[in-house]
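Okay, structure first, notes after.
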Amino acid sequence: MKINIGKTIRLGDLIDPTDHRSLVIDTSITASVGAVSGLENFKETVSKINTICDGIIVNPGQLEHYGELLGGSHRASPIVRLDWTNYYRDRSFCLPAKQIHRILISSVDDALTVGASATVVRYLIGMDDEFEAENVRSISLTAKDAYREALPLIVELCMVGEKVNDKNFDGAVKLGVACMLEVGADGLIIPECSPETTQEIGAWADIPVLLRSSEIPDLTMQNHVFNGGFSGILLRENIFSESGFAKKISNCFNNIHTKE
Amino acid sequence: MSLSPGKTTRLNRLFNPNDGRAVCVAADHGWMSDPTPNVMNLRKILEEVVEGKPDGILVSFGTAQRMADLFTGKGAPALIIRADWMNMPRLGDSNVSSILPVTNFKKKATSFAHDALNMGASAITIYYFTGYSDEFEALNIEQNAMFARECRKIGLPLIIEPMAVGDGAKTKKFANILIASARIAVELGADAVKIPYTGSVASFKDLVDKAQVPVLVLGGAKYEDPRDALTLVEEAVRAGAAGTVFGRNVTMAENPQKMVENIAAIVHSKTLL
Numbered sequence: 111m112k113i114n115i116g117k118t119i120r121l122g123d124l125i126d127p128t129d130h131r132s133l134v135i136d137t138s139i140t141a142s143v144g145a146v147s148g149l150e151n152f153k154e155t156v157s158k159i160n161t162i163c164d165g166i167i168v169n170p171g172q173l174e175h176y177g178e179l180l181g182g183s184h185r186a187s188p189i190v191r192l193d194w195t196n197y198y199r200d201r202s203f204c205l206p207a208k209q210i211h212r213i214l215i216s217s218v219d220d221a222l223t224v225g226a227s228a229t230v231v232r233y234l235i236g237m238d239d240e241f242e243a244e245n246v247r248s249i250s251l252t253a254k255d256a257y258r259e260a261l262p263l264i265v266e267l268c269m270v271g272e273k274v275n276d277k278n279f280d281g282a283v284k285l286g287v288a289c290m291l292e293v294g295a296d297g298l299i300i301p302e303c304s305p306e307t308t309q310e311i312g313a314w315a316d317i318p319v320l321l322r323s324s325e326i327p328d329l330t331m332q333n334h335v336f337n338g339g340f341s342g343i344l345l346r347e348n349i350f351s352e353s354g355f356a357k358k359i360s361n362c363f364n365n366i367h368t369k370e
Numbered sequence: 090m091s092l093s094p095g096k097t098t099r100l101n102r103l104f105n106p107n108d109g110r111a112v113c114v115a116a117d118h119g120w121m122s123d124p125t126p127n128v129m130n131l132r133k134i135l136e137e138v139v140e141g142k143p144d145g146i147l148v149s150f151g152t153a154q155r156m157a158d159l160f161t162g163k164g165a166p167a168l169i170i171r172a173d174w175m176n177m178p179r180l181g182d183s184n185v186s187s188i189l190p191v192t193n194f195k196k197k198a199t200s201f202a203h204d205a206l207n208m209g210a211s212a213i214t215i216y217y218f219t220g221y222s223d224e225f226e227a228l229n230i231e232q233n234a235m236f237a238r239e240c241r242k243i244g245l246p247l248i249i250e251p252m253a254v255g256d257g258a259k260t261k262k263f264a265n266i267l268i269a270s271a272r273i274a275v276e277l278g279a280d281a282v283k284i285p286y287t288g289s290v291a292s293f294k295d296l297v298d299k300a301q302v303p304v305l306v307l308g309g310a311k312y313e314d315p316r317d318a319l320t321l322v323e324e325a326v327r328a329g330a331a332g333t334v335f336g337r338n339v340t341m342a343e344n345p346q347k348m349v350e351n352i353a354a355i356v357h358s359k360t361l362l
């Protein structure tokens, strides 16, 4: 029985209560690497997508400046990114990262102040022991704040450390799912893994799980996600460099909610 | 924009509501570098500066306390408090400060945003150093995010000052680092950015377009010929800058009042050289 009414109502802004499905788009990478292709003008881009998805992940600073673009019953709900990492800074960035860091840049209380419907943090999997311990501790404390403030906490699994390889990838995803279910996450974002693992996680996790995708998925992929028991899809920032991305997202959104 | 009323009214004090621009003077050098003449004669210099009608003056907490009279009354400049401290001018490879050199780069938060609000400030300014090391940048991000949260809570505008330092600052990627870091500052919660000139109108325009908040160009080291400083102002304004935060080019000028007036002529009247 769900007794946290605040979380239930806010999560309902993101996961459509009528079909239990969701399409979420992540714009928050700009805190790590600056403006990426398609996100140079935040307001212009978000104005194109704010009625054709259920939620948009934003950094607190952007939500503070452009809160009028999000929320309400017919627009995407804001999900505030609470953490920052430099792990996206590869060789193509002007200052490639030599050592990976993850820190909190916002809090549950701050996210409520700017009008968030939910929060999201990263669990970087495969890092060294000390990094992992600190990451788990940080998420645990955030989960307690989220419980007290009745604001949903979504955890994104990022398979980035040296300990993750092709052989243990799916196992490491499952380990991350298990740990974050225990920590008190209200939703999960996971990377693409094998069909077997997808089915397994879909049947096992009793909280909404979104699959992270770098491209706007076709019908086959959408079926794979929803038949696998997932609640939705998270689109990464890469989609903004696709030509006609708004039209494609709109089609995807309508398919997901079977509006057409 | 959906900023809180507190931030909106305070930004309106700093940025002229008629044109959305600001001419500010940085006078916080005594906080971080050698006691040069512009530091030791600060009151006299700032009295001259105020005669030039700048929109804002950036000072330390102590200077704000001692010279509050300069910020009082209609038409007085908006008070901007420097809320952090750093020792970069005293690092070995710097030519700015040399009495007591240091070897380790340090930056510390020294005021709460609430202290600045109590002081009557219209904004605070804090540094964001990038390029020195990943760990140092993470510390900067963490500190800036804490200030951003506090400023959001109390309705005080936050001006973040991204600075490219270390080896990265010496490469041809300098402009790209500044462009990225300006946007990163905004994602954290900056309401305006104070930043060095990137070196060209085109690259600075790119920075302004991607920042999406008012961008104030800083002057840096004093130019021998003040006309060079004014050329920088003119180029930055042409690129879309919302104004300036000039320090030594004003406080070390032969006639600080005249220098402020000359900058204001470009920024507010769009008088191009």
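As they're listed, the protein sequences go chains A and B.
Per the numbering used here, the very first residue in the first sequence carries number 111; after that it's consecutive.
Per the numbering used here, the very first residue in the second sequence carries number 90; after that it's consecutive.
Ideal Cβ placement from N, Cα and C applies to all residues, glycine included.
Fair warning: this is a prediction, and the values are worked out from it, not measured in the lab.
What E250 (chain B) touches in chain A, judged by beta-carbon distance under 8 Å, is nothing: the nearest beta carbon there is about 15 Å away.
The bridge partners DSSP lists for V191 (chain B) are B:L180. Secondary structure of L173 (chain A) (DSSP, three-state): helix. The Cβ-Cβ distance between T219 (chain B) and P251 (chain B) falls below 8 Å.
Taking C-beta atoms under 8 Å as the contact rule, S351 (chain A) and G148 (chain A) qualify, at a distance of about 5 Å.
Cβ-Cβ distances below 7 Å link A315 (chain A) to V287, L291, L298 in the same chain, with the five nearest sequence neighbours on each side left out; the list follows chain order. In summary, I119 (chain A) is exposed, with fewer than 16 beta-carbon neighbours lying within 10 Å of its beta-carbon over all protein chains present.
Residue pairing for L247 (chain B): DSSP places it in a beta bridge opposite B:I213. Annotation: Cβ neighbours of G257 (chain B) in chain A (cutoff 9 Å, chain order): C204, L205.
Here T368 (chain A) carries a coil assignment [DSSP, helix/strand/coil]. Residue range 315-327 is occupied by the alpha helix (DSSP H) that includes D317 (chain B). Excluding the 5 residues flanking it on each side, G329 (chain B) has same chain C-beta neighbours closer than 6 Å at K294, V297, in chain order. Under a criterion of Cβ atoms nearer than 7 Å, the residues of chain B adjacent to I213 (chain A) are, in order, A227, I230, E231. Assigned with DSSP and collapsed to three states, C113 (chain B) falls in strand. One finds E174, H175, Y176, G177, E178 in chain A with Cβ atoms closer than 8 Å to the Cβ of S91 (chain B), taken in chain order. Among the residues of the segment 192-222 of chain B, those with a Cβ less than 7 Å away from any Cβ of chain A are T219, G220, in the order of the chain. In this structure, DSSP gives P188 (chain A) an extended state, which the three-state scheme calls strand. Close to V224 (chain A), with beta-carbon spacing below 8 Å, are these residues of chain B in chain order: R241. Listed along the chain, the chain A residues whose CB falls inside 7 Å of the CB of D173 (chain B) amount to none; the nearest CB is some 17 Å away. Counting only Cβ-Cβ distances below 7 Å, V143 (chain A) has contacts in chain B at A269, in chain order.
Here the alpha carbons of R212 (chain A) and E231 (chain B) stand approximately 10 Å from one another. Beta-bridge analysis with DSSP links F218 (chain B) to B:M252. A buried status is given to P262 (chain A), since no fewer than 16 other beta-carbon atoms sit within 10 Å of its beta-carbon.
Contact between E347 (chain A) and T161 (chain A) is ruled out by a C-beta separation of about 19 Å, above the 8 Å threshold. With fewer than 16 other beta carbons inside 10 angstroms of its own, R201 (chain A) counts as exposed. One alpha carbon belongs to F263 (chain B), the other to V138 (chain B), and they sit about 32 Å apart.
Put simply, of B:K283, B:K196, B:A205 the residue whose alpha carbon is nearest the alpha carbon of A325 (chain B) is B:K283.
Taking C-beta atoms as the reference points, R171 (chain B) and L189 (chain B) fail to come closer than 8 Å. Taking all protein chains in view, the Cβ of H175 (chain A) is crowded by 16 or more other Cβ atoms within 10 Å, so the residue is classified as buried. Among the residues facing chain B, F152 (chain A) is included, as its CB has a counterpart in that chain under 8 Å away. Cβ-Cβ distances below 6 Å link R322 (chain A) to I299, P301, L344 in the same chain, with the five nearest sequence neighbours on each side left out; the list follows chain order. Here the alpha carbon of L124 (chain A) sits roughly 12 Å from the alpha carbon of V190 (chain A). For D158 (chain B), no pairing in a beta bridge is given by DSSP. A straight line joining the alpha-carbon of S122 (chain B) with that of T195 (chain A) spans about 32 Å. A198 (chain B) and P246 (chain B) have their C-alpha atoms some 17 Å from each other.
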